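Have a look at the structure below, then the notes.
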Amino acid sequence: MWHLIRRLLGGKTMTTVLAGHVAPTFTLKATAGSSFALADALKKGPVVAAFFKITCPVCQFTFPFLERLHKAHKDDPVSFVGISQDDARDTREFLAEYGITFPALVDADGYPVSNQYGLTTVPTVFLIAPDGKVKVSSMGFCKADLEDIAKHLGQQFKKTPAEVFLPTDAVPDYKPG
């Protein structure tokens, strides 16, 4: 049903922060204890921010593909961050279980950053350009949106877009979060 609603509404109207709008700034603690400030990261390059809960099956499905993108851009000035709605210990276990090497931030009790971004579901993934504008706003697992992120990053770094999905990957076009 969400897929139908998403299609009828052009695929981008279920989150508050839409493509073309300025992303709210934030600073959060990483599971490793350091701080991450969006404004500082954007000075270095684009940011891929993926909001998630560790118990969300669609998040568990999506994050390995984000990791694939992260590895493809390991030498580029792009920041990948997960923004967890769980505590640091459980989030670290999630990262280890799913082989995620990019940092995860912890959205404190009450999810202030998730609320700033107007989330209605997880996963929700944003590609934020260095100027602070959202280039891609994606809810649930959306194959086309992840390919769009790869395309934008390829253009940003003047390289062929990373292969997010292998021919052997059996992935649907969309899975609601």
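Just add 1409 to wherever you are in the sequence shown, counting from 1, and you've got my numbering. Here a beta-carbon is modelled for each residue, glycine too, at the ideal position from N, C-alpha and C. Just so it is clear, the structure is predicted and the values come from calculations on it, not from any experiment.
Per DSSP, the bridge partner or partners of residue i
i            : result
residue 1491 : 1459, 1513
residue 1439 : 1514
residue 1446 : 1436
residue 1547 : 1534
residue 1583 : 1551
Same chain, Cβ closer than 7 Å to residue i, five either side skipped, listed in chain order
i            : result
residue 1477 : 1573
residue 1486 : 1453, 1454
residue 1495 : 1462, 1463
residue 1489 : 1457, 1475, 1479, 1511
C-beta atoms of residue i and residue j nearer than 8 Å
i            : j            : result
residue 1541 : residue 1451 : yes
residue 1513 : residue 1530 : no
residue 1548 : residue 1586 : yes
residue 1552 : residue 1583 : yes
residue 1571 : residue 1481 : yes
residue 1493 : residue 1515 : yes
residue 1497 : residue 1440 : yes
Anticipated Cβ contact below 8 Å, residue i with residue j, distance rounded
i            : j            : result
residue 1446 : residue 1544 : In fact, because the Cβ distance is near 20 Å, the residues do not count as touching under 8 Å.
residue 1520 : residue 1433 : About 13 Å; that fails the 8 Å criterion.
Spatial neighbours of residue i in its chain, beta-carbon cut-off 8 Å, leaving aside the 5 residues before and after
i            : result
residue 1569 : 1563
Own chain partners of residue i with C-beta closer than 6 Å, once the 5 adjacent residues on each side are dropped
i            : result
residue 1435 : 1447, 1522
residue 1417 : Low per-residue confidence applies at residue 1417: pLDDT is 45, beneath 50, and the placement is therefore not dependable, though the value from the model is reported in the following sentence. Excluding positions up to five away in sequence, the list is empty.
residue 1430 : 1543
The segment 1468 to 1482 contacting the segment 1521 to 1538, beta-carbon criterion three pairs below 8 Å: yes
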